[in-house]
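Numbering (my numbering), first residue to last: -3 to 330.
Here a beta-carbon is modelled for each residue, glycine too, at the ideal position from N, C-alpha and C.
What follows is one structure encoded as structure tokens, with my remarks underneath.
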Ligand SMILES: NC(=O)c1ccc[n+]([C@@H]2O[C@H](COP(=O)([O-])OP(=O)(O)OC[C@H]3O[C@@H](n4cnc5c(N)ncnc54)[C@H](OP(=O)(O)O)[C@@H]3O)[C@@H](O)[C@H]2O)c1
Ligand SMILES: [Zn+2]
């Protein structure tokens, strides 16, 4: 079977199509015939050589957190059947640590993520598979696990409810757009930012207010100083301070990423004087992902798949993401 592997960690031109032995399902496992796997900045981060998790000695490396497809083989005791339409929840947990026992599962002390969806077949733990209703395409389903689940968990951590105002810097990508759409599902209003006039036009269909710009002061002024109840920060760097200024007194910002900086650059006094909270967040739980699959199938929101790419064009998908030429999710269809 073929896989789009990272042969070198040099950026998109390091992606190579390789032939691999077809996997076989052991007890509790399943082999999924992958029909769709969305890509995430996490994959690009690995491909660019920035990830501490994946280093050169493990190459070629098959990434891809979000495979969706059909069960091809179910191992002994696996709770799925051949032909089932399924989506993988990429969470990997030990199941026995204090955090696993107390929950939520994404706080597991040895939490990690599945990689291997950018291939024709994926070997997975069958109890991490979620049934996909016929009303939801496999491409749309594959958009959900990393981007939408993370955004949903962040909204929940910030206690966002109907009538709240949610600030989302970088609102045109996977987590950002999901944050705007899911804020709407909760009855909240969203203010999304982008640096691109072209993407701003499309963003207006998903965010209640759109701010276009690069300058921190201009963004704060346009979004409204002290106006938001919650901020979803997947950028870090200077956007931490931007979020703090757009938040109201006692507002909450939730941080999940570092696209714009390795540190949270935040002025101290306005932070403590305004009683704000900054919370870290990673992924969400499998029951939350099941809920998102159900809500998407019911049409309560549409997971936004901007473009699909055949497996042999995976490098192009990563180049488009790297050039910020994407709106919502990019999906590889092996
Ligand atoms: N902790 C977790 O569980 C978790 C889960 C998912 C993602 N993440 C992290 O969250 C971040 C977003 O992931 P994603 O897959 O949604 O990425 P993505 O789709 O590539 O995000 C693109 C968005 O980021 C903005 N952007 C990109 N580079 C920027 C920069 N230098 N300065 C300002 N804005 C920038 C783009 O703005 P324009 O519209 O202006 O181009 C666009 O809105 C990543 O850091 C990722 O690692 C973490
Ligand atoms: Zn654990």
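Next item on the list: Assuming residue 126 contacts residue 300 (C-beta within less than 8 angstroms), just tell me the rounded distance between them.
Entry: Not a contact, Cβ separation roughly 20 angstroms.
Check: Taking contact to mean at least 3 C-beta pairs separated by less than 8 angstroms, is the stretch 252 to 270 in contact with the stretch 182 to 194?
Finding: no
Notebook entry, point to check: For the stretch 159 to 173 against the stretch 109 to 123, are there 3 or more C-beta pairs whose distance is under 8 angstroms?
Noted result: no
Next item on the list: Check whether the stretch 215 to 228 touches the stretch 236 to 253, taking contact to mean three or more Cβ pairs, one atom from each stretch, closer than 8 angstroms.
Entry: yes
Margin query: DSSP three-state label for residue 249, please.
Written below: strand
Check: Can the beta-carbon of residue 82 be found closer than 9 angstroms to that of residue 64?
Finding: yes
Check: Under the three-state reduction of DSSP, which class applies to residue 91: helix, strand or coil?
Finding: coil
Next item on the list: Round the Cβ separation of residue 147 and residue 175 to the nearest angstrom and send it over; I've been treating them as touching at under 8 angstroms.
Entry: 4 angstroms
Note to self: Please classify residue 189 as buried or exposed, where buried requires at least 16 neighbouring CB atoms within 10 angstroms.
What the structure shows: buried
Check: Looking at residue 260 and ligand 1, is the gap between the Cβ and the nearest heavy atom below 8 angstroms?
Finding: no
Item checked: Terminal residues of the alpha helix (DSSP H) in which residue 176 lies -> 170 to 181
Next item on the list: Measure the CB-CB distance between residue 150 and residue 252 and report whether it falls below 9 angstroms.
Entry: yes
Check: Residues in its own chain within less than 6 angstroms of residue 153 by CB, not counting five upstream and five downstream?
Finding: 250, 275, 277
Check: What first and last residue would you give for the beta strand (DSSP E) that runs through residue 215?
Finding: Residue 215 -> not in any beta strand (DSSP E); alpha helix (DSSP H) instead, spanning 212 to 219.
Margin query: Suppose contacts are defined by Cβ-Cβ distances below 9 angstroms. Is residue 156 in contact with residue 179 by that definition?
Written below: yes
Notebook entry, point to check: Thinking just about the alpha-carbon of each residue, which of 48, 137, 25, 171 is nearest to the one in residue 289?
Noted result: 137
Checklist line | 8 angstroms contact criterion, which residue -1 and residue 114 should meet: CB distance rounded | finding: 6 angstroms
Item checked: Contact under 9 angstroms by Cβ, residue 263 with residue 302 -> no
Check: Alpha carbon to alpha carbon, how far is residue 20 from residue 30?
Finding: 14 angstroms
Next item on the list: Under 6 angstroms Cβ to Cβ from residue 212, same chain only, skipping five residues before and after it: list those, please.
Entry: 234, 238
Notebook entry, point to check: To which residues does DSSP link residue 227 through a beta bridge?
Noted result: 163, 249
Checklist line | chain C contact for residue 20 (CB, 9 angstroms cutoff) | finding: Within the model displayed, chain C is absent; a lone protein chain is all it includes.
Next item on the list: Just grab the DSSP bridge partners of residue 205 for me.
Entry: 187
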